[in-house]
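Novice: Residue numbers (our numbering), protein chains in the order written: chain P, 5 to 274; chain U, 534 to 769.
For every residue, glycine included, the Cβ atom is placed at its ideal position computed from N, Cα and C.
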Amino acid sequence: MTRGNVFQFRAGKSVFHRLDPMSKLIWLLGVSLLAFGAYIAWIQIVISFVILATALFLARLSPAEILKGTWPFIAACSSFFVIQSVTLPGSTIAFRVFSISIYAESADYALASSLRIYTIILSSMVFVRTTDPRDLAIALVTQAHIPYRIAYAFFIALRIVPTIEEEIKIIRAAHAVRGVARQRSITGRIGEMQRYVIPLLVGSLRRASMMVMSMEGRAFGAYPQRVFVDAPRMRASGLVISISTIVAVVAWYSALGLGYVHPIYVFAPA
Amino acid sequence: MSAAFIYLVMAAIAIAIAAILYLVNREPGRAFFIGFTLIEIVIMAVIGAINGVLGTPNAMMGRLFMTFSGSYGFLAFAAICGGFYVAGPLCGYIIRKPGAATIAETMNGVAQLLSGNPNGLPVLAAGFLQGFMSDVGFAIYGYKRWTLSVLALSGALAPLLQQIPEVYFFGFGDMGISYNLLALVIRMISGAVYAIILVKPITMALVKAGVLRGTAVAKEEAGGLASGSQPKAMQG
Chain P
5 MTRGNVFQFR AGKSVFHRLD PMSKLIWLLG VSLLAFGAYI AWIQIVISFV
55 ILATALFLAR LSPAEILKGT WPFIAACSSF FVIQSVTLPG STIAFRVFSI
105 SIYAESADYA LASSLRIYTI ILSSMVFVRT TDPRDLAIAL VTQAHIPYRI
155 AYAFFIALRI VPTIEEEIKI IRAAHAVRGV ARQRSITGRI GEMQRYVIPL
205 LVGSLRRASM MVMSMEGRAF GAYPQRVFVD APRMRASGLV ISISTIVAVV
255 AWYSALGLGY VHPIYVFAPA
Chain U
534 MSAAFIYLVM AAIAIAIAAI LYLVNREPGR AFFIGFTLIE IVIMAVIGAI
584 NGVLGTPNAM MGRLFMTFSG SYGFLAFAAI CGGFYVAGPL CGYIIRKPGA
634 ATIAETMNGV AQLLSGNPNG LPVLAAGFLQ GFMSDVGFAI YGYKRWTLSV
684 LALSGALAPL LQQIPEVYFF GFGDMGISYN LLALVIRMIS GAVYAIILVK
734 PITMALVKAG VLRGTAVAKE EAGGLASGSQ PKAMQG
């Protein structure tokens, strides 16, 4: 399984698979807002553990899948943490590594920044893996009341994304057959991308125009409203998760606003 | 916080001025918003999605820049940010209706989110904001002028609002207003350069391939060819 495949919907029977898309969207937005809330290490640690537990137990993702999908980000976040801890200024020396002083303030800030990035990536993965794009498009119409023509554009985008990687492979193979060698350097890869853009766009737009003919042939857009046979609905579990998320976000930002917690908190003594 | 507030107020004033200019410059009798045809909606979705998927490696490169180069990395990343903004000017240029750039860039955000952009849900908000500002660039001229300078303006305006959440997300707000203004200027130049270099050549290639039939730019090109003059998209 490639990393790209990990970031795709897979049918399942977990709690998150059974939730309606809007509840999951509210959850995702809430997690992002909480993660954005402050540069405080302890709260980011708590949020990270909650999201990891959600991925493992409520979305039933295996540790191997999580690792495969997020290992480049784990590496990037780890290096982000190390570099920021070493380079940021501070006043309280926590410990020394090879005569380099590591400050408690900078380590705290770096840990919060790194975990925040990872939390957001992991929550996105949970959402994408457990949400059927078709259900999401329908939910946008029936629950979010977005005009269905726009929601279908969203749906088309969701359907196209997984095919683009395959398309690039086909174009690359076609170029190779014609004697164009694959470039390994960074500049070479950028050049490759430029070569791929036009065939990729032409191929996708050609298929899309056939899709349009098919949709218009079925009288798509003839009526201002559209009904769905199996529209997802918010059930009790969705309501509980949505309300809990909203309460957590409001409580956290109220605590920040009223000064109960500080946006930048350090473990170091005052 | 006060700097962000002043920034937002100035952006709101700029948008209000752009809205007035749009009302003054638009074609007489033209409605404020014009509905999209199905093919236009699909084109916005496809271009937005492809730009989003191709933009994800760009985002990862940006993350690496910032990880290994700290504050300089954010400025280096700003130089390649124009790649994220292309879908807006491109769709605005092809479709030539208010909102085309906004929808395309929002689709760009959706595609980035689904293809593993390391910045998660905030890319959706970023996509919407950069698309909206790209639309403002076209709105200033009433969606009537389609020269390179207007494309450059559309690309340059894209990061104006989008940078606010990003600065907070990456934690560069503490670097001061002059540092962030420098990053904004680099992003605006990058957006303008990418729009100038990519939008017209890509559009012409797509028109020649016959996949933009039914769009405003295809009609203009067909009109130009029928009258025997040089197509407008080929002019500067």
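Between which two residues does the alpha helix (DSSP H) carrying serine 82 of chain P extend?
Specialist: 67-91
Novice: Using the C-alpha atoms, what's the distance from arginine 14 of chain P back to serine 687 of chain U?
Specialist: 39 Å
Novice: In three-state DSSP terms, what is serine 105 of chain P?
Specialist: strand
Novice: Is the number of C-beta pairs between the stretch 556-568 of chain U and the stretch 610-623 of chain U that are closer than 8 Å three or more?
Specialist: Not touching, per the Cβ criterion.
Novice: Sort U/Ala552, U/Ile580, U/Ile567 and U/Ala545 by Cα distance to threonine 736 of chain U and report the nearest one.
Specialist: U/Ile580
Novice: Is there at least one Cβ from chain P nearer than 9 Å to glycine 621 of chain U's Cβ?
Specialist: no
Novice: Return the chain-ordered list of same chain residues with a C-beta closer than 7 Å to the C-beta of alanine 178 of chain P, the five sequence neighbours on each side being excluded.
Specialist: Correct list: empty, nothing qualifies.
Novice: Run through DSSP, which three-state label would valine 211 of chain P get?
Specialist: Inspection of the sequence shows that residue 211 of chain P is occupied by arginine rather than by valine. Three-state DSSP puts arginine 211 of chain P in a helix.
Novice: Could you work out which residue in U/Gly616, U/Pro655, U/Ala644 and U/Lys741 is closest to alanine 691 of chain U when comparing CA atoms only?
Specialist: U/Gly616
Novice: Is there contact between the stretch 246-253 of chain P and the stretch 23-32 of chain P, where contact requires at least three CB pairs shorter than 8 Å?
Specialist: By the Cβ rule, the stretch 246-253 of chain P counts as touching the stretch 23-32 of chain P, because three or more pairs are nearer than 8 Å.
Novice: Does valine 643 of chain U have its Cβ less than 9 Å from a Cβ in chain P?
Specialist: yes
Novice: Return the CA-CA distance between glutamine 229 of chain P and proline 151 of chain P, expressed in angstroms with no decimal places.
Specialist: 8 Å
Novice: Under 7 Å Cβ-Cβ, which residues of chain P neighbour proline 655 of chain U?
Specialist: Ser36
Novice: How about phenylalanine 224 of chain P and tyrosine 156 of chain P: do their beta carbons lie closer than 9 Å?
Specialist: Closer than 9 Å, so yes.
Novice: Is the Cβ of arginine 746 of chain U closer than 9 Å to any Cβ of chain P?
Specialist: yes
Novice: Can you give the Cα-Cα distance for valine 253 of chain P and alanine 259 of chain P, rounded to whole angstroms?
Specialist: Their backbone Cα atoms lie some 10 Å apart in a straight line.
Novice: Kindly indicate the opening and closing residues of the alpha helix (DSSP H) around leucine 690 of chain U.
Specialist: Counting along the chain, the alpha helix (DSSP H) containing leucine 690 of chain U begins and ends at 681-690.
Novice: Output, in sequence order along the chain, the residues in the stretch 570-583 of chain U whose CB is closer than 8 Å to any CB in chain P.
Specialist: Leu571, Ile572, Ile574, Val575, Ile576, Met577, Ala578, Val579, Ile580, Gly581, Ala582 and Ile583
Novice: Which residues of chain U have a Cβ atom closer than 7 Å to the Cβ of phenylalanine 224 of chain P, listed in chain order?
Specialist: Leu571
Novice: In this structure, does DSSP put isoleucine 4 of chain P in helix, strand or coil?
Specialist: Residue 4 of chain P lies beyond the stretch modelled for chain P, which goes from 5 to 274, so this question has no answer here.
Novice: Give me the Cβ distance between leucine 119 of chain P and serine 213 of chain P, rounded to the nearest whole Å; I'm assuming they're in contact under 8 Å.
Specialist: With a Cβ gap of about 45 Å, leucine 119 of chain P and serine 213 of chain P do not count as contacting.
Novice: How is lysine 677 of chain U classed by DSSP in three states: helix, strand or coil?
Specialist: coil
Novice: Quick check on DSSP: helix, strand or coil for glutamate 560 of chain U?
Specialist: coil
Novice: Tell me the rounded alpha-carbon separation between glutamate 171 of chain P and glycine 642 of chain U.
Specialist: 20 Å
Novice: Apart from the five residues on each side of it in sequence, which residues of its chain come closer than 6 Å, Cβ to Cβ, to phenylalanine 159 of chain P?
Specialist: Ala141
Novice: Strictly below 9 Å CB to CB, what residues from chain U border serine 89 of chain P?
Specialist: Here the premise fails: no neighbours, minimum Cβ distance about 12 Å.
Novice: In the DSSP assignment, find the unbroken alpha helix (DSSP H) run with isoleucine 142 of chain P in it and report its ends.
Specialist: Judged by DSSP secondary structure, isoleucine 142 of chain P falls within the alpha helix (DSSP H) whose first and last residues are 137-146.
Novice: Whole angstroms are fine: how far does the CA of alanine 658 of chain U sit from the CA of aspartate 668 of chain U?
Specialist: Aspartate 668 of chain U and alanine 658 of chain U: Cα-Cα distance of roughly 15 Å.
Novice: Apart from the five residues just before and just after leucine 727 of chain U, which ones in its own chain have a Cβ nearer than 7 Å to its Cβ?
Specialist: Note on identity: in this sequence residue 727 of chain U is tyrosine, with leucine being the wrong assignment. Answer for tyrosine 727 of chain U: Gly615, Gly616, Tyr618, Val619 and Gly688, listed in chain order.
Novice: To the nearest angstrom, report how far apart isoleucine 87 of chain P and isoleucine 550 of chain U are at their CA atoms.
Specialist: 44 Å
Novice: Alanine 552 of chain U and alanine 637 of chain U: beta carbons closer than 9 Å?
Specialist: no
Novice: Taking all protein chains shown into account, decide if aspartate 234 of chain P is buried (16 or more other Cβ within 10 angstroms of its Cβ) or exposed.
Specialist: exposed
Novice: Run through DSSP, which three-state label would methionine 238 of chain P get?
Specialist: coil
Novice: Serine 18 of chain P to valine 132 of chain P, Cα distance in whole Å?
Specialist: 14 Å
Novice: Could you tell me whether the Cβ of leucine 739 of chain U comes closer than 9 Å to any Cβ of chain P?
Specialist: yes
Novice: For valine 750 of chain U, decide whether its Cβ has a neighbour in chain P, counting only Cβ atoms nearer than 9 Å.
Specialist: no
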